[in-house]
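Mapping the sequence shown onto this note's numbering, position 90 (from 1) lands on 102, and the numbers just tick up by one.
In this text, a Cβ means the ideal position worked out from N, Cα and C, and glycines have one as well.
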Amino acid sequence: MLIGLGMLVGAFVAVIGIEIVVMSRREFVPQEPDYTVDARVQPATSGTGSVIRLAVLGDSTVAGVGSPTEIESLPVLIAQRVADATAREVHVTGFGISGARTASLLADQLPLVVAEYDAVV
Numbered sequence: 013m014l015i016g017l018g019m020l021v022g023a024f025v026a027v028i029g030i031e032i033v034v035m036s037r038r039e040f041v042p043q044e045p046d047y048t049v050d051a052r053v054q055p056a057t058s059g060t061g062s063v064i065r066l067a068v069l070g071d072s073t074v075a076g077v078g079s080p081t082e083i084e085s086l087p088v089l090i091a092q093r094v095a096d097a098t099a100r101e102v103h104v105t106g107f108g109i110s111g112a113r114t115a116s117l118l119a120d121q122l123p124l125v126v127a128e129y130d131a132v133v
């Protein structure tokens, strides 16, 4: 019984060791994107009405970290949903800063959002 348990623990330790080696060889540090999020998004179906101006505040996700292109960034995906729901064009600007927390969002990002936006997320 103890020999079987010892073999099980040994196998578990070996698997964990292999995983650590494999993970140490990977590059996990996400890089800041080559773009800033400032896009115009068209609705799936044409409608009438003025352009919706959308500001998106947040951390690295809003800044585009992890998204290879602006089109795949969270602010643009949100803007696409708004455009499709309203049948209006959306101009979206992302104010994301990597590492932002609520206090820094309020202190650093919110003042950048002026009255020219129709909605803030």
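Considering just the uninterrupted stretch of the alpha helix (DSSP H) at residue i, what are its terminal residues?
i: Ile-90; result: 86-98
i: Val-74; result: 72-75
From the DSSP output, which residues share a beta bridge with residue i?
i: Asp-50; result: Thr-105
i: Ser-132; result: Reading off the sequence, residue 132 comes out as Val, not Ser. Beta-bridge pairing links Val-132 to Ala-67.
Residues in its own chain within less than 6 Å of residue i by CB, not counting five upstream and five downstream?
i: Ala-112; result: Asp-71
i: Ala-115; result: none
i: Gly-59; result: Ala-99 and Arg-100
Tell me the rounded alpha-carbon separation between residue i and residue j.
i: Glu-31; j: Val-25; result: 10 Å
i: Ser-79; j: Pro-45; result: 7 Å
i: Val-74; j: Leu-118; result: 15 Å
i: Val-132; j: Ile-28; result: 45 Å
i: Val-102; j: Val-94; result: 7 Å
i: Gly-106; j: Asp-50; result: 6 Å
i: Gly-61; j: Thr-98; result: 9 Å
i: Leu-69; j: Val-33; result: 37 Å
i: Leu-110; j: Gln-43; result: Residue 110 is actually Ser in this sequence, not Leu. Distance between the alpha carbons of Ser-110 and Gln-43: 10 Å.
i: Glu-84; j: Ala-23; result: 41 Å
i: Leu-104; j: Pro-55; result: According to the sequence displayed, residue 104 carries Val and not Leu. The alpha-carbon atoms of Val-104 and Pro-55 are separated by roughly 13 Å.
Please work out which residues of its chain come closer than 7 Å, Cβ to Cβ, to residue i, disregarding the five sequence neighbours upstream and downstream, and give them in chain order.
i: Gln-92; result: Val-53
i: Tyr-47; result: Gly-76 and Glu-82
Starting from residue i and walking both ways along the beta strand (DSSP E), at which residues does that stretch end?
i: Ile-64; result: 64-68
Looking only at its own chain, which residues have a Cβ that is under 8 Å from the Cβ of residue i, when we skip the five neighbours before and after it?
i: Asp-130; result: Ile-64, Arg-65 and Leu-66
i: Asp-120; result: Ile-109 and Ala-112
i: Glu-128; result: Arg-65
i: Asp-96; result: Pro-55, Ala-56 and Thr-57
Any 3 or more C-beta pairs closer than 8 Å across the region 115-130 and the region 81-93: no
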